[in-house]
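K.L.:
This is the structure I want to talk about, given as structure tokens.
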Amino acid sequence: MTFTHHSRSSDLESHGSHYQIPIEKLQSLFDPKSIRNLLKIGGLKALTLDLNTDLHSGLSQDYNENDIKQRINIYGKNKLPNKSQKSLLSLCWEALHDQVLIILSISAIISFVLGLYLAYFEPPEYDEDGNPLPNLEWVDGCAIILAVIIVVLVGAINDFNKEKQFMKLNNKKDDRKIIVYRSNVKTYISIYDLLVGDLLYVETGDIIPADAILISGECSCDESSLTGESRTIDKKPIDQALSYFNDEIKSIKSQSFASTISTSSSSRFDVGDSDVLDPFLVSGSKLLSGNGKALVICIGEHSVNGKMMMSLFHGNEDEEDAEETPLQVRLDHLANNISKYGFLAAIGLFLGLFLKFLYQLSTVLAHLSLLQKFSKFINIVITAITVVVVAIPEGLPLAVTLALAFATTRMMEDGNLVRVLKSCETMGGATCICSDKTGTLTINKMTIVEGLIGDDYFIDNGKKSTIDNSNHSHSSIEILQHCNDKLIDVLLKNIFLNSTAFENIEPQRRTTTNSELNKPKSSVLDSLKTLFKSERYNHILPLSSDSSNSNSNATITEKPDEFVGSKTECALLEFVKYKVSQVDPRIPTVSKYRDDFESNIVKTVPFESSLKWSGVVYHDTSKNNYTFLIKGAAEIVLDYCDYITGMDGHIQKFSKNEKENIGEKRQDMAKNALRAVSLAHYTFKESEISKIDWSKISADDLVQYPLVLDLIVGIQDPLRPGVREAIEQCHRAGVDVRMVTGDNVLTARAISKGCGILDDDTFDDPSYFMEGPKFRSLSDSERLRIIPNLHVLARSSPEDKRILVQTLKKLGEVVAVTGDGTNDAPALKLADVGFSMGISGTEVAREASDIVLMSDDFPSIVNAIKWGRTVAASIRKFVQFQLTVNFTAVTLTIVSAVASDDDTSVLTAVQLLWVNLIMDTLAALALATDKPDDDILDSKPEGRSKLMISPNMWKMILGMSIFQLGITTTLNFKGSQIFYGLPYDEVNTHDKFSLKAMTFNTFVWMQVFTLFVSRILNEPLCLNPSSTLRERLCYQNIGFFRNITRNYWFISIVSTISVSQVIIMFYGGRVFSIAPQTFGMWATALGSGFSMIFFGGLLRLVPDYWLTDYLPIDGLCRVIYGLEWFIFGCGYFQSPEHREDYESFFDSSDNIIQDGDNLVARPTLIRYF
């Protein structure tokens, strides 16, 4: 007995109820996929009635809000719940787990308790005049605790804001547009607005957004991301699957087996068994080919993919999901090295002060009580720990986070959505861009300007025809007026039915200013609102009317796109609407024509880049004949044609000369940058029809028949505004641009010359262009030889693009790639940075990419280069600043503490924590928010071998640190003679405090002005080793205040530090160990700070090569590395690979070592960091 669903259906109809099937039963259809469970709930009819939908027209657009709310309440929304963000308190608690802060806090608490005891239970000390000194030892401990709290709060707030920002970014990047049928009208909606019961339209390249049942059409899916199975799974419509299923059940039960065996076999029989068709589309799977309509059953967290993602969320709640970029890895390595030497310095300082303390216990400290001696010891511990706090550069990760967050936000304004953080910094080192043509270099707005209808030529752009040298070129309308109705009918069927484009039922006018046309880029808010639109809806990304442009030139109201889909197909539909319809006004709309004839299609071959054509087989029921309609690249389709349709509708065989002549005309189109598209057909003979199974016939089989050419058109896609200038900028920046396109080589060369990829010298040089088939046939060695010159790859497949990228990377290039198709995914993944198209790209391409070009235009890639270089530059600026402050603060603390009689540093623990706050959090924010410099594209790309700290940075770090140490140590040891004319021992306690406070004030102001010096990194390109002093005095080299007014963050932070320092110096008192300052002391502090500008300028005048040519870098490096091996090596020897790290350094038999696939020089002091 076959399964039926009449009882369930009738029950629902009689009760008129909806939404009665529980979610669990809906889920059981997909996990695992089961036709049997579908029949158990009543079958497709009962399911459709329960969901209150229609299998032909989808949900009604007239549903009221209550129905939508009811659906959402029962089935949920198509959006996963956001992963809960850590609270500010939990982040503070995590920050408090830092071991160094724990030790410092414990020491501070001990100091605070001892200070209270000494203040209230011990006799006071007296000054030189016999007056009792206030015992405020507890203040130091209290101030350190307060400083630790501030450091923890600042770090936690930064982490909290960072997580909040990236959660918003993730929500934006997951949003995209999908197509559903509502009231039988194609409608594009946000993926978040998809409802259970919607009739979803899917096509090649889509990622299925929800669990659904295929209602019509056929397709192939990749479910490997869900099941792990790599095989392609064919999907069939549910009606066909149910029919096969019932037939197989009957077959099983009719077999002559024992009843128990028969029952057992039939009860287990389901999807996954042989001969059982699969109609279930599982969320998260990729559609590799085909298209169709599907009924949405489970969405959001109730779908298969949603449940899997939710389990990952719950299973990894405590794991940090922040992405660590290559630059962060290098900075972590740098921070670890600095921390090692910070700990080493702290240990050395503690041992020195402790030995000195032991010696003084029997001399100068003998008269103190036990608690006072213990308090002195605690102060030694606090000083040593504070050195560690200052030495550890915890601001480095924060600098990376801030720079990337700032850059990605600004890149979104330029039309770039960064999906993978590391791509932002990698793009700064890009040396090569492999770009698509259509939609990236061109505007992707196709218009038919000339062509051949039947056997006659036309031209519609008002210019001389490129394919008809006679002076009698006619317009398309003139030609169409003389066309036979039979030819018009074939063209209409091919253009209307062999197409996935459709009418735009919701056209939106968009207003664009002249300034936007001159410099096209996406606006921030509107682009974010419309991220991840479907690849065929270029009008869905409207340009916003930014208020900042209100004062610009007059606005232009652009005509909205009337058709949505492939640009080539839209051009053909517009050709019918505006040309063919003038000849025959009775031609219906696209939707009406398809409603009448689409059901007669028995076979569909979707467009794929490997085929370069699409086709349908149409069954004309009135004549009972079958016609194959093909549309695609002119040169491909023309090769398949043996006949041509004349203007009178008669079919005539091609002569050899006629076909060659048409081929030459096509080449003429290509030479003039026109995309040539051919339309052809073949009507099957009765004897052939009986031998064909339409469900199994392949694309290759169809094109074996002698096709009849009906139409060739030349479609023009103009260059985008600003593309030529953008490519010139790339060349100026040392970035090579290559064009990879599916067009023929003639069209590709014409476009590449127009946009500046080829010039007059290279246009006719065959080494600069090649076709894909020839390229892929070359050997690896031949490709390595020809690729440096190859700039245009025509008629290329996605595999050609992948091979090109792979070969370029072998040559050491940092490669960026643009792609829009599903088959581009391998190249996008392989590239160092993959750019997908936000408008024309498929979802699979976007998922494989690192950055999404929301406007599909090439100038956005140039902006990505700018911001990528800016990220790397901003972080290096911070590294230069922090190492300068780090080296100076640690050295000054150690030297002054060891040299002092009371074992105290000239910089107290609280003062050092304030300095630590300046050089970590505040400096990172100031230097990481710089915008790209005007000359950022004048330098060559970094490539793969850029040093973390360049020779110029080392020059500035060492020079500035030595200069600062010279000033601060002079003030510390000679300040009493300079300001009071007395040795330090003869100055009273109050004046000693004033001198120490002056040294602290001077140190801070020098760091404030060092921030300005750190705004410029390497030498400008205009300088070289032979440049004169006059040439080095240029503004690009020493202009520390260049473009300062455009970075409000920098100005605000410097102002905040300055005002805070003034407040500390006037009101810091005992907490900051501050005493009143004289005018001379203030003048000294501020003058010393401002002198950093002049000294920094002097250092910039010193050529970089002096550092590498005249200093014993390698010898010094070996000393440092040997010292590290001696101190830290014992721990490393537990791991063989780390032992090899040290041993390889001392093996001087070869100066070159292997780093992955690259050969690099051995580390020097500069390379060590």
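Taken in order, the sequence shown gives residues 1 to 1169; the numbers are from UniProt numbering. Virtual Cβ for every residue (Gly too), placed ideally from N, Cα, C.
1. Using the C-alpha atoms, what's the distance from F1066 back to F973?
2. Let me check one thing: in DSSP terms, what residues is G290 bridge-paired to?
3. Taking 8 angstroms as the threshold, find out whether the segment 624-635 comes into contact with the segment 676-692 through three or more Cβ pairs.
4. Could you check the C-alpha separation between P585 and I479 for me, to the nearest Å?
5. With H, G and I counted as helix, E and B as strand and the rest as coil, what does DSSP make of K691?
6. Can you tell me which of G429, F354, Y359, R182 puts its alpha carbon nearest to the alpha carbon of I868?
7. Compare the beta carbon distance of W618 and K696 with 8 angstroms and say whether it is the shorter of the two.
8. What is the DSSP secondary structure of V1054, counted as helix, strand or coil?
9. Which residue marks the beginning of the beta strand (DSSP E) containing L29, and which one marks its end?
10. DSSP three-state call for T426: helix, strand or coil?
11. Taking the alpha-carbon positions, what's the I651 to T627 distance?
12. Could you spell out the range, first to last residue, of the beta strand (DSSP E) harbouring D485?
13. Out of E598, C570, D700, point me to the one whose CA is closest to S610's CA.
14. Taking the runs of the alpha helix (DSSP H) that are 4 residues or longer, which of them lie wholly in the segment 883-964?
15. Buried or exposed: where does V723 fall if 16 or more other Cβ atoms within 10 Å of its Cβ makes it buried?
16. I'd like to know whether the C-beta atoms of V844 and A831 end up nearer to each other than 8 angstroms.
17. Alpha carbon to alpha carbon, how far is H56 from H474?
18. Tell me the DSSP secondary structure of V576 in three-state form.
19. Going by DSSP, what residues sit across from N625 in a beta bridge?
20. Using CA atoms only, rank isn't needed, just tell me which of Y768, V1008, L91, C730 is closest to N161.
21. Just how far apart, CA to CA, sit residue 1208 and K931?
22. Tell me the rounded alpha-carbon separation between Y19 and N184.
23. Let's test the definition: count the other Cβ atoms within 10 Å of the Cβ of F1079 and tell me whether it reaches 16, buried, or not, exposed.
24. Taking the alpha carbon of N504 as the point to measure from, which residue in Y192, C730, E562 has its own alpha carbon closest?
25. Can you name, in chain order, every residue of its own chain whose Cβ lies under 6 angstroms from the Cβ of S1148, other than the five neighbours on each side?
26. Drop a sphere of 10 angstroms on the beta-carbon of G1089, count the other beta-carbons inside from all chains shown, and report buried for 16 or more, exposed for fewer.
27. L59: beta carbon under 7 angstroms from a heavy atom of the ligand NAD?
28. Could you name each continuous beta strand (DSSP E) segment of 3 residues or more that falls completely within the segment 702-790, going from the start of the chain to the end?
29. Is DSSP giving V1062 helix, strand or coil here?
30. Which value, in whole angstroms, describes the spacing of the CA atoms of S752 and K866?
31. The beta strand (DSSP E) that contains Y200, what's its start and end?
32. Helix or strand or just coil, what does DSSP make of C1022?
33. Taking only the alpha-carbon atoms, compute the straight-line gap between V792 and N657 and give it to the nearest angstrom.
34. Helix or strand or just coil, what does DSSP make of L528?
35. Please report the residue range of the alpha helix (DSSP H) in which N661 lies.
36. With C-beta atoms as the reference, is I1063 less than 8 angstroms away from Q1007?
P.N.:
With the given structure in hand:
1. The alpha-carbon of F973 is positioned some 24 angstroms away from that of F1066.
2. Note: G290 sits in a beta bridge opposite C219.
3. The segment 624-635 is in contact with the segment 676-692.
4. Cα to Cα, P585 sits roughly 16 angstroms from I479.
5. Residue state, collapsed to three classes: coil.
6. Checking the sequence shown, residue 868 turns out to be Gly, not Ile. Looking from the CA of G868, the closest CA among G429, F354, Y359, R182 belongs to G429.
7. For clarity, residue 618 is Tyr in the given sequence; the question names Trp instead. No; because the gap between Cβ atoms is not below 8 angstroms, this pair is not in contact.
8. In the three-state reduction of the DSSP assignment, V1054 falls in the helix class.
9. Element bounds for L29: n/a, residue is neither H nor E.
10. Shown here, T426 sits in a helix according to DSSP, grouped into three states.
11. In a straight line, the C-alpha of I651 is about 14 angstroms away from that of T627.
12. Membership of D485 in any beta strand (DSSP E) is not indicated; the residue belongs instead to the alpha helix (DSSP H) covering 485-497.
13. Answer by Cα proximity: D700.
14. DSSP runs (the alpha helix (DSSP H)) wholly in the segment 883-964: 909-917, 923-927.
15. It counts as buried.
16. Result no, Cβ atoms of V844 and A831 do not sit closer than 8 angstroms.
17. If I take the Cα positions, the gap works out to 44 angstroms.
18. Per DSSP, reduced to three states, the secondary structure at V576 is helical.
19. Answer is D620.
20. N161 has its Cα closest to that of L91, out of Y768, V1008, L91, C730.
21. For residue 1208 there is no data in the structure shown, the boundaries of the chain being 1 and 1169.
22. Annotation: Y19 to N184 spans about 22 angstroms, alpha carbon to alpha carbon.
23. F1079 is exposed by the Cβ-count criterion.
24. Closest by alpha carbon: E562.
25. With a pLDDT of 38 at S1148, under the threshold of 50, the predicted position of this residue should be treated as unreliable, and no value is reported.
26. Counting Cβ neighbours within 10 Å, G1089 comes out buried, since at least 16 surround it.
27. Inclusion of the ligand NAD in the displayed structure is not the case, the ligand content being empty and no account of it being possible.
28. As far as the segment 702-790 is concerned, its whole beta strand (DSSP E) runs of at least 3 residues are 707-716, 736-740, 769-771.
29. If DSSP states are grouped into helix, strand and coil, V1062 belongs with the helices.
30. Those two C-alpha atoms are separated by around 23 angstroms.
31. The question names Tyr, yet the displayed sequence has Leu at residue 200. 199-203 is the extent of the beta strand (DSSP E) around L200.
32. In the displayed model, C1022 falls within coil according to three-state DSSP, outside both helix and strand.
33. CA-CA distance, V792 to N657, rounds to 31 angstroms.
34. At L528 the pLDDT is 32, less than 50, meaning the model places this residue with poor confidence and gives no usable figure here.
35. Element bounds for N661: 656-671.
36. Cβ distance not < 8 angstroms, so I1063 and Q1007 don't count as in contact.
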